[in-house]
Amino acid sequence: MIGLAQVLPGLATPAVAASLVEVTSFGNNPGGMRMHVYVPDVRPANPAIVVAMHGCGGSGPGFYSSSEFAALADQYGFVVIYPTATQQAGFGNCFDTWSEAAKRRGGGSDPVSILSMISYVQRQYGGDPNRVYATGSSSGGMMTNQMLALHPDVFKAGAAFMGVPYNCFANAADYPPGASRCTGGSMDRTPQQWGDAVRQAYPGFTGVRPPVQLWHGTNDTFVPYQLLQETIEQWTDVFGLSQTPTSTDTPRAGWNRRRFADTTGTVRVEAYSIQGAGHSLPSAGMAASAIAFFGLTGTPPTTPPVTPPTTPPTTPPTTPPVTPPTTTPPVTGACSASYRQVSSWQGGFQGEVTVRAGTSAVNGWTVGLTFPGGVTVSQLWNGTLSGSGPAYTVRNVSYNGAIGANGSTVFGFLASGTASTPTLTCASP
Numbered sequence: 008m009i010g011l012a013q014v015l016p017g018l019a020t021p022a023v024a025a026s027l028v029e030v031t032s033f034g035n036n037p038g039g040m041r042m043h044v045y046v047p048d049v050r051p052a053n054p055a056i057v058v059a060m061h062g063c064g065g066s067g068p069g070f071y072s073s074s075e076f077a078a079l080a081d082q083y084g085f086v087v088i089y090p091t092a093t094q095q096a097g098f099g100n101c102f103d104t105w106s107e108a109a110k111r112r113g114g115g116s117d118p119v120s121i122l123s124m125i126s127y128v129q130r131q132y133g134g135d136p137n138r139v140y141a142t143g144s145s146s147g148g149m150m151t152n153q154m155l156a157l158h159p160d161v162f163k164a165g166a167a168f169m170g171v172p173y174n175c176f177a178n179a180a181d182y183p184p185g186a187s188r189c190t191g192g193s194m195d196r197t198p199q200q201w202g203d204a205v206r207q208a209y210p211g212f213t214g215v216r217p218p219v220q221l222w223h224g225t226n227d228t229f230v231p232y233q234l235l236q237e238t239i240e241q242w243t244d245v246f247g248l249s250q251t252p253t254s255t256d257t258p259r260a261g262w263n264r265r266r267f268a269d270t271t272g273t274v275r276v277e278a279y280s281i282q283g284a285g286h287s288l289p290s291a292g293m294a295a296s297a298i299a300f301f302g303l304t305g306t307p308p309t310t311p312p313v314t315p316p317t318t319p320p321t322t323p324p325t326t327p328p329v330t331p332p333t334t335t336p337p338v339t340g341a342c343s344a345s346y347r348q349v350s351s352w353q354g355g356f357q358g359e360v361t362v363r364a365g366t367s368a369v370n371g372w373t374v375g376l377t378f379p380g381g382v383t384v385s386q387l388w389n390g391t392l393s394g395s396g397p398a399y400t401v402r403n404v405s406y407n408g409a410i411g412a413n414g415s416t417v418f419g420f421l422a423s424g425t426a427s428t429p430t431l432t433c434a435s436p
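With the first letter of the sequence shown counted as 1, position 45 gets the number 52 in the working numbering; the numbers rise by one all the way through.
Structure, rendered in structure tokens:
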């Protein structure tokens with residue numbers, strides 16, 4: 008584990024909490040990205056910087072709302088950068104990990120934009136250049152591995168949730184599901200081949216490379232679980248380590264951890280297999296474990312230091328997306344549900360359902376979805392799925408059951424079959 012960072016003793020939550028702020032001019036921005044930053048009111052003079060990156064279809068504000076990094080920033084006094092990607096490659100709002108420009112150090116696209124954001128925080132808030140970290144989910148996890156490969160001189164460590172190895176995608180055509188050799192399971196390279204890709208990203212680098220923490224659900228079919236092993240092989244080869252872990256344990260139920268340490272006992276690669284999880288990370292407590300791996304908390308917590316967010320995530324880690332649903336007038340009665348198709352590809356599609364309260368608040372909701380034959384829901388987020396095709400039931404989860412009068416919440420899903428609009432019902436107890 009990397010050395011523990013200096014943390015201000017007794018950081019307290021201020022009476023008026025900090026807020027997410029958009030920065031419209033932060034420097035060179037070849038990726039055309041948006042930047043949001045969360046700066047805790049109580050922080051050291053030179054705070055650490057964490058770059059937290061969303062999945063396809065998401066946004067910086069969405070990842071701010073749906074993850075625990077901002078609450079941890081309040082607790083430990085680091086600054087969080089939330090980039091919003093705008094690249095399109097079959098999906099929308101994905102971090103560019105496929106283009107030649109993005110795979111070349113200093114080549115342009117999103118990596119250069121992210122570096123500009125980091126420089127802005129260093130200038131504006133005194134961010135510590137020796138304590139810069141990367142983390143992200145799905146597309147953001149892929150970009151985490153990309154940034155560690157391209158810029159080991161910038162980042163101190165990284166934590167990638169549901170990512171893929173650096174240089175896994177050949178080009179933009181290789182990115183969308185159904186067409187991708189990378190996420191289609193065809194990328195079985197040797198550890199040395201994976202490691203060579205990283206070494207060639209910055210051939211002149213002679214310093215200490217940043218340790219990496221990896222997370223993946225064993226039931227993930229969207230970014231298949233087997234890619235965790237490919238990523239382990241990449242980074243262990245980069246560090247000159249065996250692919251056999253130096254230790255294994257289960258720090259929490261269902262969290263199977265493998266650690267790969269060097270001859271000094273320093274953990275360089277740490278990999279979590281989350282039993283039964285699909286494409287839905289990070290879940291409660293995982294951000295805290297990532298921050299502990301970075302050395303920003305003192306010791307890894309055994310329970311989440313914060314409660315799950317009260318604002319539900321509005322986009323999943325790998326949704327493509329776009330414009331928000333059109334404004335719906337207030338409805339009467341318990342609740343209503345509306346559907347929009349977010350994206351489609353050969354053999355599958357992604358949908359999003361907005362659940363809206365009527366003129367009175369609701370405390371719990373149940374949505375029925377009935378599809379034409381041949382449609383099977385394979386992944387769902389922000390709800391609990393039951394049933395089998397063509398009829399499904401989705402119930403709220405703990406953090407999004409209560410909806411204020413005329414308010415709304417969103418759940419999303421991935422499905423196989425021909426893209427089609429389901430018949431919807433909504434009921435509230």
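Where is the CB? At the ideal position from N, CA and C, for every residue including glycine.
Exposed unless 16 or more other CB atoms sit within 10 angstroms - verdict on residue i
i: Gly261; result: exposed
i: Ala6; result: Only positions 8 to 436 of the chain appear in this structure, which leaves residue 6 out of reach.
i: Pro478; result: A question about residue 478 goes unanswered here, because the residues of the chain that appear run from 8 up to 436.
i: Pro439; result: Since the displayed the chain opens at 8 and closes at 436, residue 439 lies outside it and no answer follows.
i: Pro457; result: Examination of residue 457 is not possible in this model, given that the chain is present from 8 through 436 alone.
i: Asp103; result: buried
i: Asp244; result: buried
i: Thr416; result: buried
i: Asn100; result: buried
i: Asn35; result: exposed
i: Thr273; result: exposed
i: Gln241; result: buried
i: Val205; result: buried
i: Pro429; result: buried
i: Ala398; result: exposed
i: Asp81; result: buried
i: Thr255; result: exposed
i: Gly419; result: buried
Residue i to residue j span [Cα, whole Å]
i: Arg363; j: Gly39; result: 33 Å
i: Asn178; j: Ala409; result: 43 Å
i: Val230; j: Pro198; result: 19 Å
i: Thr228; j: Val404; result: 22 Å
i: Leu11; j: Asn407; result: Any answer about Leu11 is weak, because its pLDDT of 31 lies below 50 and its placement is not dependable; what the coordinates show is given next. The straight-line gap from Cα to Cα measures roughly 36 Å.
i: Gly134; j: Pro118; result: 19 Å
i: Tyr127; j: Arg196; result: 38 Å
i: Phe76; j: Phe176; result: 28 Å
i: Val58; j: Phe162; result: 10 Å
i: Ala368; j: Leu431; result: 20 Å
i: Ala108; j: Ser343; result: 45 Å
i: Asn263; j: Ile281; result: 6 Å
i: Thr251; j: Thr238; result: 14 Å
i: Gly358; j: Val276; result: 36 Å
i: Cys433; j: Trp105; result: 40 Å
i: His286; j: Phe85; result: 28 Å
i: Pro316; j: Leu387; result: For Pro316, the predicted structure reports a pLDDT of 37, less than 50, and the residue's modelled location is therefore unreliable. A value from the coordinates is still provided. About 18 Å.
i: Gly437; j: Gly411; result: No statement about residue 437 is possible, as the shown extent of the chain runs from 8 to 436 and does not include it.
i: Ala208; j: Ala341; result: 56 Å
i: Pro159; j: Thr213; result: 10 Å
i: Ala268; j: Asn370; result: 48 Å
i: Gln131; j: Gly62; result: 27 Å
i: Arg266; j: Leu155; result: 18 Å
i: Met124; j: Gly381; result: 45 Å
i: Ser193; j: Ala299; result: 34 Å
i: Asn53; j: Tyr89; result: 19 Å
i: Pro184; j: Asp203; result: 26 Å
i: Gly394; j: Leu235; result: 30 Å
Supposed contact pair residue j and residue i - C-beta distance, whole angstroms, cut 8 Å
i: Val401; j: Gly414; result: Actually they are not in contact, since the Cβ atoms of Val401 and Gly414 sit about 18 Å apart, beyond 8 Å.
i: Val374; j: Val384; result: At roughly 12 Å, the Cβ-Cβ gap does not stay under 8 Å, so Val374 and Val384 are not in contact.
i: Pro289; j: Ser74; result: 6 Å
i: Gly355; j: Phe378; result: Not really, about 13 Å apart at Cβ, beyond 8 Å.
i: His43; j: Tyr71; result: 7 Å
i: Pro68; j: Leu122; result: Not really, about 21 Å apart at Cβ, beyond 8 Å.
i: Ala294; j: Leu79; result: 6 Å
i: Ala55; j: Leu248; result: In fact, because the Cβ distance is near 26 Å, the residues do not count as touching under 8 Å.
Residue i beta carbon near the ligand FAD (any heavy atom closer than 6 Å)
i: Gly272; result: The model depicted lacks the ligand FAD and carries no ligand whatsoever.
Inset, instruction - Count the C-beta pairs between the stretch 180-191 and the stretch 124-138 that are closer than 8 Å, then say yes if the count reaches three, no if not. - result: no
Legend entry - Segment contact flag, the stretch 162-173 with the stretch 207-222, C-beta cutoff 8 Å, min 3 pairs: yes
Inset, instruction - Would you be able to state if there are at least three C-beta pairs under 8 Å between the stretch 413-433 and the stretch 342-360? - result: yes
Inset, instruction - Ignoring anything shorter than 3 residues or poking outside the stretch 19-67, list the beta strand (DSSP E) runs there in chain order. - result: Correct list: 27-30, 41-45 and 56-60.
Inset, instruction - Count the CB pairs spanning the stretch 34-51 and the stretch 141-155 that are closer than 8 Å, and state whether there are at least three. - result: no
Inset, instruction - Counting only runs of 3+ residues fully inside the stretch 159-240, write out the beta strand (DSSP E) ranges in chain order. - result: 164-168 and 219-224
Legend entry - Those runs of the beta strand (DSSP E) which lie wholly inside the stretch 361-412 and span at least 3 residues: As for any beta strand (DSSP E) of minimum length 3 sitting wholly inside the stretch 361-412, the runs are 373-377, 383-388, 391-395 and 398-402, ordered along the chain.
Legend entry - Segments assigned alpha helix (DSSP H), at least 4 residues, entirely inside the stretch 63-108: 67-73 and 76-83
Legend entry - Runs of beta strand (DSSP E) lying entirely within the stretch 248-281, each at least 3 residues, in chain order: Listed in chain order, they are 254-259, 262-268 and 274-281.
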